[in-house]
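Since the structure comes first, as structure tokens, the remarks are kept for the end.
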Amino acid sequence: MNNLRIAIPSNNPGGLDAGMGMHFGHCDIYTIVDIEGGAVKTVSTLENVPHVQGGCLAPVQHLASHNVKALLAGGMGMRPLMGFRQVGIDAYFAGSFATVGQAVQAFIDGKLPAFSTEFTCGGGK
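According to this note's numbering, the sequence shown is numbered sequentially starting from 1040.
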């Protein structure tokens, strides 16, 4: 695995020990993890942007503007999934993990499926 920046919807305060924020657009904060050579290099956080009805693409653009290349999430609607594809961010389903760190390790180990329409929801929380 080459150098890669990933974002994980998280509960406050973020970080590897934080709980997963299961719906990407409604999370408190994003944990941003830079992976280098198959290992965690740096961990930081990024505030979410306001998510209003129909505004699901705002968080997509926000993450893209911070050079995120992959998203690990438990839920999202079809519209943002298409948005992530359009901006070149790969989305992976990580809904079965309690903490951000567990999801990140599963990603590094290649154990997360690509987010597909079977994982999408109708929106909301």
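All residues carry an ideal CB built from backbone N, CA and C; glycine is no exception.
- prompt: Which partner residues of V1079 appear in the DSSP bridge assignment?
  reply: Looking at the DSSP assignment, V1079 forms a beta bridge with I1074.
task: Classify H1105 as helix, strand or coil using the three-state DSSP reduction.
output: Coil at H1105, not helix or strand.
field: Secondary structure of K1164, DSSP reduced to three states
entry: Because the pLDDT at K1164 is just 40, under 50, the model does not fix this residue reliably, and the point stays unresolved.
Outcome for G1114 when other beta-carbon atoms lying within 10 angstroms are tallied against a minimum of 16: Counting other Cβ atoms within 10 Å of its Cβ, G1114 reaches 16 or more and is therefore classed as buried.
Residues sharing a beta bridge with I1047, DSSP: Per DSSP, the beta-bridge partners of I1047 are T1070.
task: Please report how far the alpha carbon of S1135 lies from the alpha carbon of A1153, in whole angstroms.
output: Distance between the alpha carbons of S1135 and A1153: 14 angstroms.
Neighbourhood of V1099 by C-beta, 7 angstroms cutoff - its chain only, sequence neighbours within 5 removed: Same-chain partners within the cutoff: P1119, G1122, F1123, V1126.
field: Spatial neighbours of H1101 in its chain, beta-carbon cut-off 7 angstroms, leaving aside the 5 residues before and after
entry: The beta carbon of H1101 sits closer than 7 angstroms to the beta carbons of V1088 from its chain, once the five residues preceding and following it are set aside; these are given in chain order.
- prompt: Taking all protein chains shown into account, do 16 or more other C-beta atoms lie within 10 angstroms of the C-beta of P1048, making it buried, or fewer, making it exposed?
  reply: It counts as buried.
message: Please report the distance separating the alpha-carbon of V1082 from that of I1071.
response: Inter-residue distance for V1082 and I1071 is about 6 angstroms (C-alpha atoms, whole angstroms).
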